[in-house]
Amino acid sequence: MDFSSSVLLRSICPKLGEWSAGSVVASWFNQRDANTATATTASEAVLYQYSSPWLILSPELKDGTMSNKFYSLAADSIVQTPSPSDVILNRMLTCRGSSHGFLALVSPQDDELFLYNPISHRHIKLPSIVSLPRLPYDDRISRRDVAKLILSCSPDEDEENCRAVVINGCRNALAFCFPGRSKEWTMMFDKKRGRGAYVDIVYSDRKKLFFVLTNCSGIETWDLGDPSSPKLIKIYELDRVEYSNLSIKGSVKFVCVAGVGYLVVANEDLLYVVQYIMDYVGPDGQCFDHLDKRRPARCHHMTIGFDIWKLDPKNGKFKYLDSSSLGDLAIFVGLHSHSIAIPANEVPELKPNSIYFTDGCYTGSLKGGLNDGGIFGRGGHDIGIYNYKDRTVSPCYYPCDAASVKTILPAPIWFFPSRTN
34 MDFSSSVLLR SICPKLGEWS AGSVVASWFN QRDANTATAT TASEAVLYQY SSPWLILSPE
94 LKDGTMSNKF YSLAADSIVQ TPSPSDVILN RMLTCRGSSH GFLALVSPQD DELFLYNPIS
154 HRHIKLPSIV SLPRLPYDDR ISRRDVAKLI LSCSPDEDEE NCRAVVINGC RNALAFCFPG
214 RSKEWTMMFD KKRGRGAYVD IVYSDRKKLF FVLTNCSGIE TWDLGDPSSP KLIKIYELDR
274 VEYSNLSIKG SVKFVCVAGV GYLVVANEDL LYVVQYIMDY VGPDGQCFDH LDKRRPARCH
334 HMTIGFDIWK LDPKNGKFKY LDSSSLGDLA IFVGLHSHSI AIPANEVPEL KPNSIYFTDG
394 CYTGSLKGGL NDGGIFGRGG HDIGIYNYKD RTVSPCYYPC DAASVKTILP APIWFFPSRT
454 N
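Each residue of the sequence shown is one higher than the one before, starting from 34 at the first, in our numbering.
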């Protein structure tokens with residue numbers, strides 16, 4: 034069974050007719066109104082722990098001036114930064130990465146791809162989308178489809194050793210560059226294995242390696258220390274993952290559930306995290322199959338659970354982590370953000386043994402700012418805090434109960450202020 038990309042799960046329970054979707058899902062989602070956080074400025078907010086992520090919110094337009102807005106978890110406040118630079122204003126942009134204090138923004142109009150720091154407003158131009166590797170069946174349009182981009186470190190802190198790795202194209206190819214220095218992208222390709230289709234990337238600063246999740250049940254380890262010779266170091270097969278303890282086993286049957294996979298580095302450990310997303314949830318919390326004629330017109334996808342495995346580097350196997358195994362870790366995952374794990378004792382405002390998540394199944398664009406409501410796409414609403422021990426979801430700024438969720442476009446994304454901001 035492969036959960037490294039969105040898949041359809043059916044018949045999770047062996048028996049039929051014993052489960053009420055409405056009662057189960059309604060109990061998973063605790064109701065609460067939207068957060069009523071106070072406001073502060075960026076200069077005040079950075080006095081808090083640098084490791085505490087912010088949530089990018091819709092910007093504020095007042096008296097003809099726009100300011101970016103964030104929600105700081107550590108400060109429990111709204112952070113506002115000055116109006117974006119001309120690089121951002123009056124352009125249709127799509128955010129495809131959030132890593133080390135920078136956002137990766139794509140401009141389809143002129144095929145530009147660049148890094149942008151919304152606090153300092155520093156802009157770093159990356160090689161054009163046109164120079165991204167083109168694989169068979171990729172055309173000019175699909176090559177523009179950047180799925181995710183992460184950095185090995187902040188360019189402000191160590192520009193010489195900074196690497197940007199991107200997943201792109203209809204076949205989800207892998208490529209890297211040196212921000213601010215490279216003229217084109219370099220494909221990451223192993224002749225023996227061929228070109229894999231990739232779905233997530235993470236970087237280990239301790240090991241100086243990139244770990245890349247494929248959609249064919251594998252995790253590849255890449256060394257980009259030598260810019261002229263990217264090396265595939267090791268491969269871990271996910272078909273050795275133990276699936277006997279799935280958190281949703283025995284709770285859901287004959288409904289559509291997507292499993293979205295993420296990689297997370299927690300100190301010296303590599304974690305494989307799977308987010309389970311119910312495709313069709315009605316306003317009353319009841320779940321429906323995609324063929325169910327009773328399905329109401331207004332349905333949303335919603336996260337119903339998570340499972341986590343930890344890699345044992347000695348035997349190459351992934352061990353399932355039970356409900357108490359996360360300890361004091363707070364894990365942050367999202368479709369386009371660099372996944373991280375933070376010890377909650379370093380940021381007391383964070384909840385231990387929890388997973389902070391943003392929408393794993395959305396599409397959207399940015400126009401005129403970081404988040405101004407957008408004009409394209411769906412979703413963005415699936416945001417919350419999953420308690421790995423209690424198996425419950427609580428709100429994170431936005432309400433998360435089925436009756437209150439609304440489409441948010443573009444979707445909020447985790448932002449991680451760097452130490453130089």
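Ideal placement from N, C-alpha and C gives every residue a C-beta, glycine not left out.
Note that the C-beta distance between Ala374 and Lys384 is not below 9 Å. Between the alpha carbons of Gly338 and Cys394 lies a gap of roughly 15 Å. For the 9 Å CB-CB criterion, Cys429 and Ile416 form a contact. Scanning Thr425, Glu253, Ile200, Ser358 for the CA closest to the CA of Lys267 turns up Glu253. Each of Thr219, Val235, Thr127 was checked against the Cα of Leu184, and the nearest Cα belongs to Val235. For Gln319, there is no enclosing beta strand (DSSP E), as DSSP marks it with neither H nor E. When secondary structure is reduced to three states using DSSP, Val293 falls in the strand class. Scanning its chain for C-beta atoms nearer than 8 Å, with the 5 sequence neighbours on each side dropped, one finds around Thr219 the residues Ala208, Phe209, Cys210, Pro260, Pro263, in chain order. In the DSSP assignment, Ser370 is bridged to Ser131. Per the coordinates, the alpha-carbon of Ser215 lies some 18 Å from the alpha-carbon of Leu136. Secondary structure at Ser437: coil, using DSSP grouped into helix, strand and coil. Looking from the CA of Ser372, the closest CA among Thr127, Tyr313, Thr114, His133 belongs to His133. Per DSSP, reduced to three states, the secondary structure at Ile200 is strand. By the neighbour-count criterion, in which a residue is buried when 16 or more other Cβ atoms sit within 10 angstroms of its Cβ, Ser131 is buried.
Within a 10 Å sphere around the beta-carbon of Arg331 sit fewer than 16 other beta-carbons, which makes this residue exposed.
The C-beta distance from Arg129 to Lys95 rounds to 29 Å, too long to fall under 8 Å, and the pair is not in contact. Around the beta carbon of His323, fewer than 16 other beta carbons sit within 10 angstroms, so the residue counts as exposed. Between the alpha carbons of Ser427 and Asp340 lies a distance of about 17 Å. In the DSSP assignment, Ile183 falls within the beta strand (DSSP E) that extends over 179-184. Secondary structure of Ile152 (DSSP, three-state): coil. Following the DSSP letters along the chain, one finds Leu246 inside the beta strand (DSSP E) bounded by residues 242-247. Distance from the CA of Arg328 to the CA of Asp238, rounded to the nearest whole angstrom, comes to 47 Å.
Taking Pro141 as reference, the option from Ile162, Ile152, Trp255 with the minimal CA-CA separation is Ile162.
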